[in-house]
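If you're matching positions, the sequence shown starts at 323 in my numbering and goes up one per residue. Quick notes on the structure that follows.
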Amino acid sequence: PVLPPPPAEAKAQLTAWFQTRELPFWTDRNGSAGRWEEMGPTTILNGWGGPENAGRMSALAVDTTDSRIVYAGAASGGIWKSEDACKTWSPIADFQPSLSYGCLAIDPFDHNTIYAGMGEPNNSADSFHGAGLMRSLDAGRTWQLLASEVFLGQKFSRIVPNPHRPGWLYAATSRGVLR
323 PVLPPPPAEA KAQLTAWFQT RELPFWTDRN GSAGRWEEMG PTTILNGWGG PENAGRMSAL
383 AVDTTDSRIV YAGAASGGIW KSEDACKTWS PIADFQPSLS YGCLAIDPFD HNTIYAGMGE
443 PNNSADSFHG AGLMRSLDAG RTWQLLASEV FLGQKFSRIV PNPHRPGWLY AATSRGVLR
């Protein structure tokens, strides 16, 4: 059967992804890279590992329908959401089976559906395994644990929603690629 064309949002997201892969590396006249600006979440005072600790961010997703909405997944600090272009951040997944996240994805058919792969894939001494795949159907207000029997103890490095088939996901994990 012939599949219908993907929704405009999914097509735009996929097109943007391929365009960014072809961007040239930019340097100024002095040969230095462009200026980066810290957007947070930021230093945790008196956190684990010392008096000032900044947790690693291992996942990032930007809502293609509203670029002011940004989700960030921490190596061991949960998921954070900004609704004002990264000026302020709020934790949105503090009471889940794991606070370690390796990737986030926004469903191209419904921007309120967020997928979060638990388990950080960096393999550092303090990287934690995950407890499964999480899904929110309401932009991060509530979460459901999916397929924990398949993904328990795994680490996620990428989740890719299929832009042609609603509900189909591909997951790159420490176990391999799964669909």
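C-beta atoms are modelled at their ideal positions from N, C-alpha and C, and glycine is treated no differently.
Span separating the alpha-carbon of residue i from that of residue j
{"i": "Ser404", "j": "Leu382", "result": "11 Å"}
{"i": "Ala332", "j": "Met456", "result": "21 Å"}
{"i": "Leu500", "j": "Ser380", "result": "20 Å"}
{"i": "His433", "j": "Ser470", "result": "23 Å"}
{"i": "Ala330", "j": "Gly439", "result": "25 Å"}
{"i": "Arg378", "j": "Ser398", "result": "8 Å"}
{"i": "Leu421", "j": "Thr464", "result": "15 Å"}
Where residue i sits in the DSSP three-state scheme
{"i": "Thr495", "result": "strand"}
{"i": "Lys403", "result": "strand"}
{"i": "Ala338", "result": "helix"}
{"i": "Phe478", "result": "strand"}
{"i": "Val505", "result": "Outside the displayed range of the chain (323 to 501) lies residue 505, so it cannot be described from this structure."}
{"i": "Leu316", "result": "Here the chain covers residues 323 to 501 and nothing more, so residue 316 does not appear."}
{"i": "Ile391", "result": "coil"}
{"i": "Ser380", "result": "strand"}
{"i": "Ala447", "result": "coil"}
{"i": "Ala396", "result": "strand"}
Identified DSSP bridge partners for residue i
{"i": "Pro329", "result": "According to DSSP, which records beta bridges pairwise, Pro329 is partnered with nothing at all."}
{"i": "Arg457", "result": "Tyr437, Gln466"}
{"i": "Ser412", "result": "Lys403"}
{"i": "Ala427", "result": "Tyr437"}
{"i": "Pro483", "result": "Leu491"}
For the segment 472 to 492 against the segment 409 to 418, do three or more pairs of beta-carbon atoms, one drawn from each stretch, fall closer than 8 Å, so that the two count as touching? no
Decide yes or no for the touch test of the segment 384 to 400 against the segment 480 to 496: beta carbon pairs closer than 8 Å, at least 3 of them. no
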